[in-house]
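Residues in the first sequence are numbered consecutively from 5, following the working numbering.
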Amino acid sequence: MRLSHHFGLTLREAPAGIEAESHRLLLRAGFIRQLGQGLYSYLPLAHRSITRIEDILREEMNRIGGQEMTMPVVHPAEIWRRSGRYDAVGPEMARFKDRKNSDLVLAMTHEEVVADLCRSEIRSHRQLPQLVYHIQTKFRDDPRPRAGLIRVREFTMKDSYTLDHDAGGLERQYRAHYEAYFRIFWRCGLPTIAVGSDVGMMGGSQAHEFMYLTPVGEDTLVLCDACGYSANRQIARFAKTPAEPEAPLPLERVDTPGARTIAELSAFLEIPAARTAKAVFLTAGLDGGAREELVVAIIRGDMDVNETKLANAVGASWLRPAEDEAILNAGATPGYASPIGLTTGTVVVDDSIPASPNLVAGANERDVHFRNVNAGRDYDPGLVTDIAVADDGHACAECGEPLRTSRGVEVGNIFQLGTRYGDAAGARFLDDEGAERPIWMGSYGIGSGRLLACVAEEHHDENGLVWPMSVSPYDVHLIPLTGRAPEDEAGAAAERLHDELQDAGLEVLLDDRDERAGVKFADADLIGIPLRVVISGRSLSRGGAEVRIRGEDASAIVPLESLAEALTARRTELLDRIEEAVRIPEFG
RNA sequence: CGGGGCGUGGCGCAGUCUGGCAGCGCGCCUGCUUUGGGAGCAGGAAGCCGGAGGUUCAAAUCCUCUCGCCCCGACCA
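Structure representation (structure tokens):
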């Protein structure tokens, strides 16, 4: 490819207000352009890198027995109604009608389609297990796309689906994906960790997320350096500091004027926050969001409520902070609220509360609290479970050492779905005794654009991108420095080399523009192709072309006649180096 | 959905408060010079100032409505 006719320019300046380095560099280097909120065009450079990522995805999926196929982007609403997700997922799913007024949706994911295919294609236990996948467009109308390709609305995902006889088979394919995913990310040059995660709208029994750790990430992970425990904060457990055992004391009113928050309350009464109980009021969407109900979460004052845990505990599709009106209707007083004397609402109590006697809690009366509140004696605790947020410094639930938190981007996820989707679609197979059995399903996703952005985030320097060879748009960036004689020789040599290197199987970007050396070097640094070859009067007089690896200082003169061979060897060497870095952690 | 911000040649911005010829830098085109880390000079093209309505002799500027984008939060595979 000749840069003079390449579609997509490099920019000296990026648009203002960009906070992710991957976003800035992918824009500046001419990889992507934004069309609308969360909608991006992939220009030729990005398309090439994505193609290489997809090749890796295919190789690793095929290695574990995957069969590639393609499913539609537009689905009849019917299949989503059957699985129950038409109502459950809310406005994130784009819905529209066709000319016959039939309801259609844009695909967010493809469990429903696979389950529907199972009805027609899977009849016998002899056909199982199966692993199918495709690389397809998804649309999710996310309320807040951000950070370039890190979070978009339309994106391409490799999603695979496994079908098995039973839970054991599902577990085997799940583990195969676990290893394949690590191979994929390492081969793209991206270090990741796997963490336990919430199953969210997918449902099912077990899920892992593959996380690239970076401050630009929007998920918070809870990690234990001592024992290796790791989880998304949404589900992370921790060991709660136990309270001193005490005999329950009689309930006692105490005036606390103006003490509306836990901080004000503990300062006013001169007690630690752990000796208080706070009530958090939320409105929950139940029955797939069709019904709203007040949920009162009670937790010790030194901890915060984890909304994901709480939503799972009450079976809510969503939670939002309750309006003051709803709180007052339940007989509570904002700022001085407590579970004592509530008239409506589902009470959920964190499991730290029953073990903590004689707490200070609100009296549901302005400027008044109670001392010595005890769950069970003073109010019905309702549901008791873990609804607390894990944070830096909390003790690890596994080993007791302090936890730390880190930000990360979710580049992949794997779910054990169970029989839910097959059951909803009416898919069954006959086992070896002729009995009808449900199909066990798993689903597994990797967003290719987000993966590209994370690789860019990981591999860049102050001058631009530094692609790993495995996902670089080209192998070689060939720069002739031409001008007057005798350098014209360099231009001619570069033209010859361009064809010669391509014939040798290398993908070459030739900077044949009439630009000064500085401009060409700056663009080469920005685009970040691993092998840079400079051909000039100076290099020719030294015996050939100058070869340099992006991100490294050393350069070498290589004779033109052995350049194809030398560059092929360097390319192989760089790819081997990436392969050698592959590390697959123990499943857990 | 709540809070904040921004829409002015392709990109980055000034001008808006206080209404009066639409500007600057980069990029782009032509020519000459220059040629190993974002060149110099000369000439040139390119903007209904996001859109609609209003106020005014006069609107990028003031008012109303609206659309789009960015950031924070809520939310979210």
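The beta carbon of each residue, even a glycine, is placed where N, CA and C say it ideally should be.
Model, not experiment: these values are computed from the prediction.
Check your understanding: Grouping DSSP H, G and I as helix and E and B as strand, with all else coil, what is P406?
Key -> strand
Review point. By how many angstroms is the C-alpha of Q420 removed from the C-alpha of M307?
Key: 31 angstroms
Check your understanding: Since W322 is in the beta strand (DSSP E), which residue starts that stretch and which ends it?
Key -> 322 to 325
Check your understanding: Y448 bridges to which residues according to DSSP?
Key -> S164, I418
Check your understanding: If we call anything under 9 angstroms between Cβ atoms a contact, is T14 one with I531?
Key -> yes
Point to revise | Touching by the beta-carbon criterion (3+ pairs, under 8 angstroms), the region 466 to 482 and the region 533 to 552 | key: yes
Point to revise | Own chain residues within Cβ distance below 6 angstroms of G555, not counting five before or after | key: V470
Point to revise | Backbone CA spacing between T287 and I54 [nearest angstrom] | key: 42 angstroms
Point to revise | Among S45, A151, A394, nearest to A24 - alpha-carbon criterion | key: A151
**Study point:** Segment limits, alpha helix (DSSP H) that includes M112
**Key:** No alpha helix (DSSP H) contains M112, which DSSP labels as neither H nor E.
Check your understanding: Residues bridged to R552 by DSSP?
Key -> R536, S559
Check your understanding: On the three-pair Cβ rule with 8 angstroms, is the region 19 to 35 touching the region 127 to 139?
Key -> no
Exercise for review: Go ahead and label A497 buried or exposed: buried means 16 or more other beta carbons lie within 10 angstroms of its beta carbon, across all protein chains shown.
Suggested key: buried
Practice item. Compare the C-alpha of I418 against each of L363, G173, Y182, A18 and name the closest. Key: Y182
**Study point:** 3 or more residues per run - each beta strand (DSSP E) lying fully within the region 129 to 190
**Key:** 134 to 143, 158 to 168
Point to revise | Cβ separation of A18 and L456, assumed to be a contact under 8 angstroms, to the nearest whole Å | key: So it is not a contact: roughly 17 angstroms between Cβ atoms.
Point to revise | Beta-carbon proximity check, P95 vs A251, cutoff 9 angstroms | key: no
Review point. By Cβ distance, which residues of its chain are closer than 6 angstroms to D328, with the 5 residues on each side in sequence left out?
Key: P338
Review point. Hey, which unbroken runs of the alpha helix (DSSP H) at 4 residues or more fall wholly within the region 10 to 54?
Key: 25 to 32
Review point. Where does S209 fall in DSSP's three states?
Key: coil
Exercise for review: Could you tell me which of D396, I391, G366 sits nearest to D382, measuring between CA atoms?
Suggested key: G366
Check your understanding: In chain order, which continuous runs of the beta strand (DSSP E) of length 3 or greater are located wholly inside the region 206 to 272?
Key -> 210 to 217, 223 to 227, 234 to 236, 256 to 259
Exercise for review: Provide the residue(s) that pair with D465 in DSSP beta bridges, ordered along the chain.
Suggested key: G468
Exercise for review: Using DSSP bridges, identify the partner residues of H79.
Suggested key: V109
Point to revise | Supposed contact pair A198 and F143 - C-beta distance, whole angstroms, cut 8 angstroms | key: That pair is no contact at about 27 angstroms.
Check your understanding: Hey, how far is the Cα of R191 from the Cα of G451?
Key -> 15 angstroms
Practice item. Buried or exposed for P147, please, with buried defined as at least 16 other CB atoms from any protein chain shown within 10 angstroms of its CB. Key: exposed
Check your understanding: Excluding sequence positions up to five away, which residues of its chain have a Cβ less than 6 angstroms from the Cβ of S8?
Key -> D516, R517
Point to revise | Nearest-angstrom Cα separation, counted from I154 out to G40 | key: 15 angstroms
Check your understanding: Roughly how many whole angstroms lie between the Cα atoms of R103 and T113?
Key -> 24 angstroms
Review point. Quick one: Cα of G319 to Cα of E213, how far?
Key: 22 angstroms
**Study point:** Residue range of the beta strand (DSSP E) that includes K104
**Key:** No beta strand (DSSP E) contains K104, which DSSP labels as neither H nor E.
Exercise for review: Can you tell me the Cβ-Cβ gap for V538 and G548, rounded? I've got them flagged as a contact below 8 angstroms.
Suggested key: Not quite, the Cβ-Cβ distance comes to about 10 angstroms (not below 8 angstroms), so this is no contact.
Check your understanding: Taking just the CA atoms, how far does R370 sit from A394?
Key -> 31 angstroms
Point to revise | 8 angstroms contact criterion, which A359 and A247 should meet: CB distance rounded | key: 6 angstroms
Check your understanding: Roughly how many angstroms lie between the CA atoms of K244 and A301, to the nearest whole one?
Key -> 17 angstroms
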